[in-house]
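Just below is one structure, and these are the notes that go with it.
4 protein chains.
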Amino acid sequence: MEILSEAILTNVINKRPAISHKGTFGRAVLIGGNQQYGGAIMMSAEACVKSGAGLVTVITQKDNHAPLHARLPEVMVVDWEDEKLIFQVLESATVILIGPGLGLDEHSLKLLKIVLSLQTKNQWLVIDGSGISLFAQEALSLTHPSHTVFTPHQMEWQRLSGIPIEQQNEQTNATFQQKLQANVIVKSHRTEIYTIKESYHCPLGNPAMATGGTGDTLAGMVTGFLAQFQNKSDAICAAVYLHSYIGDFLAEDNYVVLPTTISAALPHYMQYFSNKD
Amino acid sequence: MEILSEAILTNVINKRPAISHKGTFGRAVLIGGNQQYGGAIMMSAEACVKSGAGLVTVITQKDNHAPLHARLPEVMVVDWEDEKLIFQVLESATVILIGPGLGLDEHSLKLLKIVLSLQTKNQWLVIDGSGISLFAQEALSLTHPSHTVFTPHQMEWQRLSGIPIEQQNEQTNATFQQKLQANVIVKSHRTEIYTIKESYHCPLGNPAMATGGTGDTLAGMVTGFLAQFQNKSDAICAAVYLHSYIGDFLAEDNYVVLPTTISAALPHYMQYFSNKD
Amino acid sequence: MEILSEAILTNVINKRPAISHKGTFGRAVLIGGNQQYGGAIMMSAEACVKSGAGLVTVITQKDNHAPLHARLPEVMVVDWEDEKLIFQVLESATVILIGPGLGLDEHSLKLLKIVLSLQTKNQWLVIDGSGISLFAQEALSLTHPSHTVFTPHQMEWQRLSGIPIEQQNEQTNATFQQKLQANVIVKSHRTEIYTIKESYHCPLGNPAMATGGTGDTLAGMVTGFLAQFQNKSDAICAAVYLHSYIGDFLAEDNYVVLPTTISAALPHYMQYFSNKD
Amino acid sequence: MEILSEAILTNVINKRPAISHKGTFGRAVLIGGNQQYGGAIMMSAEACVKSGAGLVTVITQKDNHAPLHARLPEVMVVDWEDEKLIFQVLESATVILIGPGLGLDEHSLKLLKIVLSLQTKNQWLVIDGSGISLFAQEALSLTHPSHTVFTPHQMEWQRLSGIPIEQQNEQTNATFQQKLQANVIVKSHRTEIYTIKESYHCPLGNPAMATGGTGDTLAGMVTGFLAQFQNKSDAICAAVYLHSYIGDFLAEDNYVVLPTTISAALPHYMQYFSNKD
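Protein chains in written order, with the UniProt record's numbering: chain E, 1 to 277; chain R, 1 to 277; chain W, 1 to 277; chain Z, 1 to 277.
Written out as structure tokens, the structure reads:
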């Protein structure tokens, strides 16, 4: 298992091409946020925009549109009941995130099934939070596993893999990843990443980050990185590493690190590493 | 009567355990905010999240969801008409706060009765603002007094205890606390705390804090501290002391200390005291 | 005509009494904000809260509640259609502001008439913006002129006084003030104040403040100062002077001074002058 | 083709006249923002207010009012279904912007036709985003071409001019501008401006600005500059130059430059250049 280091950031976060436009940096589509958990998709969206995705559309329950826009006019919004528009928006996506605050009811499941059925071979898909729980519970299948990333915390990983938390280790996790054939980020106080070729350990992170929304923020960052960076496996690792790197820095002065403060710091830290060799 | 000092902060606010997750720091459920007083529960929620509670759910009148989320996507929200979901959310709570901006009408009373009847012996309950007025007016009873905290200002304490403001002193207050068997924070320019074993005096605080929302912020802090710290009596004292400590610092440069500025400063001050011996 | 100086600030903005509570600093009730002009009452509310009024309630069209609370949970809100609650809130007011963004239609006029008819001799009333236009157009009468402040810009003053802008000067203005018997703040690039006993000239202010909302902010400050300071004539002068004083300071670094930045600076500047002799 | 330099900023951004009021700096009316793209008009509005327009009214789909006001109480809002009020507001406008987030449906087209038919010879009109696409698709005509500015990106310019992106160059662009007789800002990594008399090249800008909302912000700045500065051709050039100038400065420390951070910096940069000779 490879231990991640700052090298992953300097490798992935390069200077942007001088001749480019917003489309160059990808179209991210984020799906989640029911009435109870709307804040989750808002936090994912902030992370995605501030990590540099070119265009971000959020498909969410309508009550979430106003507070999302009040915080982040940079996103576009779609009512998650508007299937026609959802189909249209998904078609042009570079990367799709589904799950933060999605909930577990019929409509949530329907949206997950739509996404799984429509994913093209050129699109990346990130499945987080209740998206993972639904996927496990309904025994769904992936269309393009190698272009899919699951971002479970340990309990969600147990639901997905059947491996009890106390038996989750490099070997059991890697074995199940081989069965899934998808990429997996197992979040814990020391997050691990399992890809088709390799597994990685993130040595950073701290308990000040143990608060609601930290995972939603990571999911948004992974999505933003996949939207714009070409080596997808490295992009995933870089997002995980940077999330904890910023969290560690903020924890020096904060007893609890609010997830939105991680997102706020993204443009600065990414610029710092893009300037480093 | 013991006079509180900085020692209460260094004792209570310890470094977080390295191996932990958001559940480690408790599930807080906050109930309040009708149409007129919605801002109160928003301020409590900010204080609760920023004092480090692991997961925070706010049960409030639906019109308050959007502005609350616009300020604080870190919380989950529940419509206070949705009884089924309220029951479910209350069941998993570590600590419950009811009262900020709750109002005095039938529905408010119904919510208070639900909370009182459902409180388990492992759950802590904080009753603030109109929750106290309703409790007094309807002569309600506590289910677990020793796990309950009242946070009245002097007029609310008069309503609850029957002691006229001008006769409120250490002896009369302590006598009524013995009858109640609950913990009481009597807020004034010099706040006092009455617990089952001891009473405390907070020597800090200043008139720049005399503005709407200061009490709602304290209630949110008490809730956040009870959610994560094990010695509950000390946790209550630490929340009171830190609230005034930050308020005194901010008053050096502010003629009026907006309650939300106290909450904004919480992660920094808590980190400062967690590093101190 | 007396030229105002910093002395008005050091005289009015004194240290707050150590033994006090939020009620000590007054209850302000602000009325205004229809669908089109809702931002006006939001800006008045920010100025009023941040200038130190103890409790602030905003009576406004319902669509304005969410954005107001998203910015300022410190206020209470009342739907301006809810007459029963309006009567109740007005009864306990120390000072009432009506006019910012009020509009000119039937309902706006009805609200103005309610306020004029209910004002008690202990309450101060500030009439701003469309409140002034309606008052002039409908030829309404004041209940307690000596406890009333009009805050017209030059065109509104023309409507109220009948004096064409080009003929507005100390003498014509003072003459009409004597007829009104109310206090008047005539806003222009050099604002003047006419009270029953004296008239004042504010030597400060600058063209970076010539932007929508500057007047709404002043109206909120006048209201906040009247709520908490005892010498009402001086309180009015101090609010006018401080508004321009902060505006001048901000204009050193800003081509346009957004009104909300004046309000944000209030707690700091008021503290500065409260410390000065 | 003239290469723009800082001289355009020092020439255009002069000290404001000492004797002035908000009307002196123009009345801007902004139209756009359907349910999906509401954020676009919010970003235009922030740029317009913060670049110093005296009074700004935003005509947009009603769901956008609350988040817009939560960010920017300085604007007035009009429901884009309220034709009577739209006519009234347009009548008093100094400059009108239509297009950011407008969308392409029937109602959007109707609004565009209203604006084109009502534009008076003293009013300036800026057409952006979907406004350009609709104009091209419906083969509409301008009422006052010399007082009109189009702000297309390269694909929109292709739609409007029929010139494929790869054939867009100074000569082809200028030729079509002569046919249009309107002013055109062709946005790309090096934006060009075509006016009736001259064409200009902006040497600034960077790929960190390639993100959703950058163009909406520029459109708002152009509108704000036209509202207050007398030499309209220079005002357009100055808005383009300053937008990239600030973007370059922010890119030194930010991997992605959020459009709202450009707007936030406007008052400071404009003041800096107003002080320079």
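Quick reminder that beta carbons are idealized off the backbone N, C-alpha and C, glycines included.
> Which of the three DSSP states, helix, strand or coil, is assigned to TYR272 (chain R)?
Replying inline: helix
> For LYS22 (chain Z), which residues in chain W fall below 8 Å Cβ to Cβ?
Replying inline: Those are ALA210, THR211, GLY212 and THR214, listed as they occur along chain W.
>> Whole angstroms are fine: how far does the CA of LEU97 (chain R) sit from the CA of VAL222 (chain R)?
In response: 9 Å
> What residue range is occupied by the uninterrupted beta strand (DSSP E) comprising PHE229 (chain R)?
Replying inline: Premise fails: PHE229 (chain R) is in no beta strand (DSSP E) and is neither H nor E.
>> 8 Å is my cut-off, CB to CB: does ALA47 (chain R) come that close to chain Z?
In response: no
>> Taking its Cβ as the centre, do 16 or more other Cβ atoms sit within 10 Å of ASP216 (chain W), making it buried, or is it exposed?
In response: buried
> What residues from chain Z crowd round THR195 (chain W), counting only those whose CB sits closer than 7 Å?
Replying inline: Residues of chain Z passing the Cβ test: none, with the nearest at roughly 24 Å.
> Along the chain, which unbroken stretches of the alpha helix (DSSP H) at least 4 residues long are found entirely within the stretch 103-172 of chain E?
Replying inline: 106-118, 130-137 and 154-161
>> In the DSSP assignment, the alpha helix (DSSP H) including SER20 (chain W) goes from what residue to what residue?
In response: Per DSSP, SER20 (chain W) belongs to no alpha helix (DSSP H) and is neither H nor E.
> At a CB-CB cut-off below 7 Å, which residues of chain Z make contact with ASN254 (chain W)?
Replying inline: Under the 7 Å cutoff, chain Z gives PRO267, HIS268 and GLN271.
> Who does HIS201 (chain E) pair with in a DSSP beta bridge?
Replying inline: E:ILE3 and E:GLU192
> Within the chosen definition, does the stretch 233-252 of chain R reach the stretch 65-77 of chain R through at least 3 CB pairs nearer than 8 Å?
Replying inline: no
> Using the beta-carbon of each residue, which ones in chain R are nearer than 8 Å to SER92 (chain W)?
Replying inline: Residues of chain R passing the Cβ test: none, with the nearest at roughly 13 Å.
>> Give me the residue from W:ALA93, W:LEU90, W:ASP63 and W:THR191 with the minimum Cα distance to ASP79 (chain W).
In response: W:ASP63
> Between PHE229 (chain Z) and the rest of its own chain, which residues show a CB-CB distance below 7 Å, the 5 nearest in sequence each way excluded?
Replying inline: Excluding sequence positions up to five before and after PHE229 (chain Z), its CB lies within less than 7 Å of the CB of VAL12 and ALA235, all in the same chain and listed in chain order.
>> As a quick exercise: from Z:PRO152, Z:ALA219, Z:ALA251 and Z:ARG27, pick the residue whose alpha carbon is nearest that of VAL95 (chain Z).
In response: Z:ARG27
> Does DSSP put residue 278 (chain Z) in a helix, in a strand, or in coil?
Replying inline: No information on residue 278 (chain Z) is available, as it lies outside the stretch 1 to 277 that chain Z covers here.
> By how many angstroms is the C-alpha of VAL126 (chain E) removed from the C-alpha of SER5 (chain E)?
Replying inline: 23 Å
> Since ALA264 (chain W) meets chain E, which of its residues come closer than 9 Å, beta carbon to beta carbon?
Replying inline: Going along chain E, no residue has its Cβ under 9 Å from ALA264 (chain W), so there is no contact; the nearest lies around 18 Å.
> Can you name the residues of chain W whose CB is closer than 7 Å to the CB of LEU55 (chain Z)?
Replying inline: Listed by position along chain W, the residues whose Cβ is nearer than 7 Å to that of LEU55 (chain Z) are GLY212.
> Does the beta carbon of ALA18 (chain W) sit closer than 8 Å to a beta carbon anywhere in chain E?
Replying inline: Taking Cβ atoms only, chain E never reaches closer than 8 Å to ALA18 (chain W), which makes this a no.
>> Measuring only the C-alpha atoms, how far is ALA227 (chain E) from ALA238 (chain E)?
In response: 13 Å
> Which of the residues in the stretch 61-75 of chain E, read from start to end, lie with their CB under 7 Å from any CB of chain Z?
Replying inline: HIS65, ALA66, HIS69, ALA70, PRO73, GLU74 and VAL75
>> With three or more beta-carbon pairs closer than 8 Å as the criterion, would you say the stretch 131-141 of chain W touches the stretch 104-117 of chain W?
In response: yes
> Does DSSP classify THR57 (chain W) as helix, strand or coil?
Replying inline: strand
> Is the CB of MET1 (chain R) under 8 Å away from at least one CB in chain W?
Replying inline: no
> Are the beta-carbon atoms of GLY54 (chain W) and GLY212 (chain R) separated by less than 8 Å?
Replying inline: Between GLY54 (chain W) and GLY212 (chain R), the CB-CB gap stays under 8 Å.
> Among R:PRO259, R:PRO207 and R:PHE225, which residue has its Cα nearest to the Cα of GLY23 (chain W)?
Replying inline: R:PRO207
>> Could you check whether VAL240 (chain E) and ILE196 (chain E) sit closer than 8 Å to each other, using their CB atoms as the reference points?
In response: no
>> Nearest by alpha-carbon distance to PRO100 (chain R): which of R:GLU46, R:PRO17 and R:PHE25 is it?
In response: R:GLU46
>> For MET42 (chain Z), report the span of its beta strand (DSSP E) as first-last.
In response: Careful: MET42 (chain Z) lies outside any beta strand (DSSP E), inside the alpha helix (DSSP H) at 38-50.
> Since residue 293 (chain E) is in the beta strand (DSSP E), which residue starts that stretch and which ends it?
Replying inline: Only positions 1 to 277 of chain E appear in the structure, and residue 293 (chain E) is not among them; the question remains open.
> Going along chain W in order, which residues have a C-beta closer than 9 Å to the C-beta of PHE25 (chain Z)?
Replying inline: PRO207, ALA210, THR211 and VAL256
>> Taking the alpha helix (DSSP H) that ALA66 (chain W) belongs to, which residues open and close that run?
In response: 65-71
> Do you know whose CA, among R:THR191, R:LEU30 and R:GLN123, lies nearest HIS21 (chain W)'s CA?
Replying inline: R:THR191
>> According to DSSP, LEU30 (chain E) sits in a beta bridge with which residue or residues?
In response: E:VAL58 and E:LEU97
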